[in-house]
Amino acid sequence: MSDDIKSTQVEFEKITFTLNAMQFAQLTAFSLGLPQLYFCREYLALDEETTINHCKQRILNLIANKEISMQQLTHLLTEKDYFDADEARLRLGPELVS
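The letter at position 51 of the sequence shown is residue 52 when you use the numbering used here, and the numbering goes up by one with no holes.
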């Protein structure tokens, strides 16, 4: 693994370490230019760790393919509002509220 890739992964982990699964799902959607809750319905059925790992992989692939930069990702993290899991459920539909 090259030093650039390792460095990117370390930086990525630093800026995303506080995100929960639903916030990762929203960041993934923002990164792809999709509506905020695009992935939330899909990921609500999965456990937190699986969701986070899927989203991390999607975002890291975007970075590796130079479709998004760390600067753009940081901007998305600081400039967008993110819903927690309960708020995402409410916004997706009352049938998803436990």
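Virtual Cβ for every residue (Gly too), placed ideally from N, Cα, C.
Going by CA-CA distance only, name the one from LEU91, GLN24 and ASP4 that's closest to LYS81. Numbered from 1 along the sequence shown, position 80 holds the residue referred to as residue 81. It is GLN24.
Just verifying my parser: in three-state terms, what is the DSSP assignment at GLU68? For the purposes of this step, residue 68 is taken as residue 67 along the sequence shown, with counting starting at 1. Three-state result, GLU68: coil.
Using only alpha-carbon positions, find the residue among SER8, GLU49, GLU14 and CYS41 that is nearest to TYR83. To locate residue 83, count along the sequence shown from 1; it is residue 82. When only C-alpha atoms are compared, the closest one is CYS41.
Buried or exposed for PHE18, going by 16 or more other Cβ atoms inside 10 Å? Along the sequence shown, read from residue 1 onward, the residue named residue 18 stands at position 17. Its Cβ having fewer than 16 others within 10 Å, PHE18 is exposed.
Check whether the segment 42-56 and the segment 65-78 are in contact - that is, three or more C-beta pairs closer than 8 Å. no
Please list the terminal residues of the continuous alpha helix (DSSP H) segment that includes ALA89. Locating residue 89 in the sequence shown gives position 88, counting from the first residue. 86-93 is the span of the alpha helix (DSSP H), which, as asked, contains ALA89.
Going by DSSP in three states, GLN58 sits in which element: helix, strand or coil? In the sequence shown, counting from the first residue as 1, residue 58 sits at position 57. Reduced to three states, the DSSP call for GLN58 is helix.
Quick check: does the Cβ of ILE6 come within less than 7 Å of any heavy atom belonging to the ligand MG? The ligand MG is not part of this structure, which contains no ligands at all.
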